[in-house]
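A.B. asks: Residue numbering for the sequence shown is 902 to 1046, as defined by my numbering. The C-beta atom is built at its ideal place from N, Cα and C for all residues, glycine as well.
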Amino acid sequence: MESCDPVGTPMEIKDKLDLDQNGTLDSGFELTSFSDADYAGCEDSFKSTSDGAQFLGEKLVSWSSKKQDCTALSTAEAEYVSLSACCAQILWMRTQLTDYGFNFTKIPIYCDSKSAIAISCNPVQYSRTKYIAVRYHFIKEHVEK
């Protein structure tokens, strides 16, 4: 380490947030999330894969691609489980950003499955969704808020 030469950083250091045209701090600062699933993508276990990406403004700040713990019986269930994982990640990120003084009331989560959206928005649990593990249903509480 003693023989190493110091190198300048290629990043520009800013100690303050920029003001927008109206004079307020970062009014365009928005947290958004995208969710997707690959139904029965694993050829060995037939488990689905949950994919998610979270953006602050236009910048990607978090992404994940993980095999689901359960074996989904339908594409709607696979998408719903993926949506639940995305919601958990967004809630954690909102908590962290709140510690830095950023407050978010409604955070959009985008999903390409109308069935998963319908399941998460409907507080009534139908006979076809009763086999989905209870731990994934916490998203219903947060959709209502």
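Note down the Cα distance separating Thr925 from Ser949, rounded to an integer number of angstroms.
C.D. replies: Any answer about Thr925 is weak, because its pLDDT of 47 lies below 50 and its placement is not dependable; what the coordinates show is given next. C-alpha separation (whole angstroms): 44 Å.
A.B. asks: So the candidates are Ser1021, Ala941, Tyr940 and Lys968; which of them puts its Cα closest to the Cα of Leu984?
C.D. replies: Comparing Cα positions, the closest option is Ser1021.
A.B. asks: Whole angstroms is fine: what's the gap from Asn1004's alpha carbon to Tyr1011's?
C.D. replies: 20 Å
A.B. asks: So, at 6 Å on beta carbons, what are the nonlocal neighbours of Glu980 in its own chain, with the 5 sequence-adjacent residues on each side left out?
C.D. replies: Ala938, Ser1014 and Ala1017
A.B. asks: So the candidates are Lys967, Leu998 and Ala941; which of them puts its Cα closest to the Cα of Cys987?
C.D. replies: Lys967
A.B. asks: For Glu959, which option in Phe935, Thr996 and Thr999 has the closest C-alpha, if you only look at C-alpha atoms?
C.D. replies: Phe935
A.B. asks: Considering only the alpha carbon of each residue, which of Leu932, Leu957, Tyr1001 and Ser975 lies closest to Phe947?
C.D. replies: Ser975
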